[in-house]
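Accompanying notes for the structure given below.
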Amino acid sequence: MNSNQRRGRQFGRAFEKPKNRRYVLKRLWNYLSYYKFLLIVCIILTILSNSFNLIGPKLSGYAIDAIDLGEGNVNFKEVFFYASLMVAFYVLSSLFSYILSLLMLKMSKKIVFKLRKDAFEKLMVLPVYYFDFNKTGDIISKMNYDIDTVNTSLSSDLIQICTSIITVVGSFIMMITISWKLVGVFLITIPISLLFTRMMLKRTHKMFKKRSQSLGELNAYAEEMITGMKTIKAYGKEDVILANFDENNKYAADSAFKAEYYSSITGPGVNFVNNLSLTLVCVFGALLCVMGGFSFGNVSSFVLYSRKFSGPINEFANIFVDIQSSMAAAERVFSIIDAEVEPVDKEDAIEIESKGNVEVSHVNFRYSKERRQILKDVSFSAPEGKVIAIVGPTGAGKTTIVNLLMRFYDVDSGEIRLDGNDIRDIKRSELRRSYAMVLQETWLFEGTVYENLVYGNPNATMDDVIKATKASHIHSFITKLPNGYDTVLSEGGVKISKGQKQLLTIARAMLLDSNMLILDEATSNVDTRTEIKIQDAMKTLMKGKTCFIIAHRLSTIQNADNIIVIKDGQVVESGKHEELLNNHGFYCSLYNSQFD
């Protein structure tokens, strides 16, 4: 199995092989460790805040014991003293807790910023085949919803966990100092709570993972349908799309409901056990008071500590449910960050200033093992400065050849050579910089017309830009825009047609300082008259460049130096236009079919 096939299978099964929880926790800890100082400060503040909070019940017991219930005497001095101390400790506890919350928000913001940055940076270096096997909407869902879920968990759940641990441990110690006999009640109720929580967590983990996946799929479907809204309306398929959306939406809603339903059972179940333990503490505490040697103040303090002890256990159940959700979300985010990048260049990979001599020799290729073979023993040459047209029916493998020329994929067997060098021995960045590329799908970012035009060549002068736009017959249109070349192109701003976008991308490609040019259906969105003018202009601007033109309209490639005819992944013919017509072969039938 070659590298492309292996990666194809990996990306196609991203949800079938999730990483374990220990791995996800370790990865999250790595992000926390970037901010060790903040983390240490937060831990200290958590200890201080909860320690002051834990002193309160003990002082409450002392205040109660300052009242002689039998004689009705009250030592107001002691009562106010202990009450004042309680207020002071609670104020300090609240202050530290407030500072802690601010620091945790700051730390979670930094972590999420780095997490989102790492994920997006990884997307920039992932190979093209990653995006072939993963839906855009699902990737966006991971970048937004899943990272926000992780952020919520880090900013609140982490504090709650630390607070709960300190409260449980501290309350347990204080209860032992008051009465080790009453602590025996919890030896029965705590194991029940833990077993019940563990059982529910095992069930909800899978459900929260399924919820995240279903939301990603729903987003992917919505993104796809919104992108194709004009086509949907043109074919009157709104009802079909709504029905499909309802089905996906119902699946996502059901997945979320099941996860939340079972997680909502956990809290009340644990709460019931905790209330049972509180009842037992009150009963046995009263008996100890009657038997003597145990004051009402001690009972009061013990009850308060038992509530503090059992409360976090109940919160633990709810917190861990949230953590299951955030871990499922983190797992999906890490599936981007951990995705396999393109293999690094060879240590001895060369830099090259290409002249434009390309040789494709006995190339075989398929996108993955499960898919059919796309190219079968394809061979042809593209001498320096020549125009090579690649034609054939849809699915023949024309665009695949372009993907291989740019090394978006590597060949399964055979080789592609540039100026005598195997392209696998050339640095990818150098190889791709050797090509200017214009695709059928136009892409312009939100920015000025000028910024879009010089995207690939920031050093281009305004004279260079105007020369390119005039050659691509878009200059006069640009000058009529509100701010000319400084007009901002955006969704809510100036609207331009697909044809005009295509002309802009052609002008952008003309400005690139490269010796090779790829045009993949580059004139598909312009009218025939404009297309002819562009072809004439390109003859001058592409002089001396090796050009690969993929076109369905065969009338546009009649002047090509060599026409490669692809059928079922094989080169069935090659030659000049007139020569191929005279052969009365497959090219001739393709050409004639466009005029019949």
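Everything in the sequence shown is counted per our numbering, starting at 1 for the first residue and increasing by one.
For glycine and all other residues, C-beta sits at the position ideal for the given N, C-alpha and C.
For Arg-417, the uninterrupted beta strand (DSSP E) segment begins and ends at 413-418. Taking one beta carbon from each stretch, the region 366-385 and the region 452-472 have fewer than 3 pairs nearer than 8 angstroms; the two do not touch. Across the structure, Arg-203 and Ser-490 are spaced so that their CA atoms are roughly 46 angstroms apart. For Met-437, the enclosing beta strand (DSSP E) has its first and last residue at 435-438.
Per DSSP, Met-542 lies in no alpha helix (DSSP H) and is assigned neither H nor E. In chain order, Glu-351, Ile-352 place their CB closer than 7 angstroms to the CB of Glu-430, counting only its own chain and leaving out the 5 sequence neighbours on each side. Runs of alpha helix (DSSP H) with 4 or more residues, each lying fully within the region 125-174, are found at 128-133, 136-141, 147-152, listed in chain order. For Met-291, the number of other beta carbons within 10 angstroms of its own is below 16, and it is reported as exposed. With contacts defined as CB atoms closer than 8 angstroms, Val-150 and Ser-301 fail to qualify as a contacting pair. Distance from the CA atom of Ala-349 to the CA atom of Ile-47, rounded to whole angstroms, is 55 angstroms. Taken in chain order, the unbroken stretches of alpha helix (DSSP H) that lie wholly in the region 446-509 and span 4 residues or more are 449-453, 462-471, 475-479.
Following the DSSP letters along the chain, one finds Val-358 inside the beta strand (DSSP E) bounded by residues 358-365. Short of 6 angstroms from the beta carbon of Arg-432, and not among the five residues preceding or following it, lie these beta carbons of its own chain, in chain order: Met-406. Cβ atoms of Glu-521 and Ala-560 stay farther apart than 8 angstroms, at about 15 angstroms. By the Cβ test, the region 81-89 is in contact with the region 55-65, since at least three Cβ pairs between them sit closer than 8 angstroms.
Remark: C-beta atoms of Ile-111 and Leu-154 approach each other more closely than 8 angstroms. With a 10 Å radius around the Cβ and a threshold of 16 neighbouring Cβ atoms, Arg-211 comes out buried.
In the DSSP assignment, the residues bridged to Ala-382 are Val-358. Secondary structure at Leu-444: coil, using DSSP grouped into helix, strand and coil.
Leu-126 and Phe-89 have their C-alpha atoms roughly 54 angstroms apart. Beta-bridge partners of Ile-390 (DSSP): Ile-550, Ile-564. With respect to the 8 angstroms criterion, Gln-373 and Thr-442 are not classified as neighbours on the basis of their beta carbons. The Cβ atoms of Lys-576 and Ile-563 sit closer than 8 angstroms to each other. Contact between the region 161-179 and the region 126-140 is absent, with fewer than three C-beta pairs closer than 8 angstroms. Listed in chain order, the non-local C-beta contacts of Gly-484 below 8 angstroms within the same chain comprise Val-449, Ile-478, local neighbours out to five positions each way being set aside. Phe-548 and Val-402 do touch by the CB rule: their CB atoms are close to 7 angstroms apart, below 8 angstroms. Distance from the Cα of Leu-92 is smallest, within the candidate group Ile-55, Ser-434, Tyr-251, Asp-377, for Ile-55. Per the DSSP secondary-structure output, Gly-575 pairs in a beta bridge with Ile-563. With a beta-carbon spacing of about 12 angstroms, Leu-517 and Ala-389 fall beyond the 8 angstroms limit used to define contacts. For Gly-569 against Lys-376, the beta-carbon gap comes to about 5 angstroms, under 8 angstroms, which counts as contact. In the structure shown, Gln-213 adopts helical secondary structure according to DSSP, grouped into three states. The beta carbons of Ser-434 and Asn-515 sit closer together than 8 angstroms. Bounds of the alpha helix (DSSP H) holding Ile-44 are 36-65.
The beta carbon of Ala-396 sits closer than 7 angstroms to the beta carbons of Ile-566, Lys-567, Asp-568, Gly-569 from its chain, once the five residues preceding and following it are set aside; these are given in chain order.
DSSP places Leu-512 in no beta strand (DSSP E); its state is neither H nor E.
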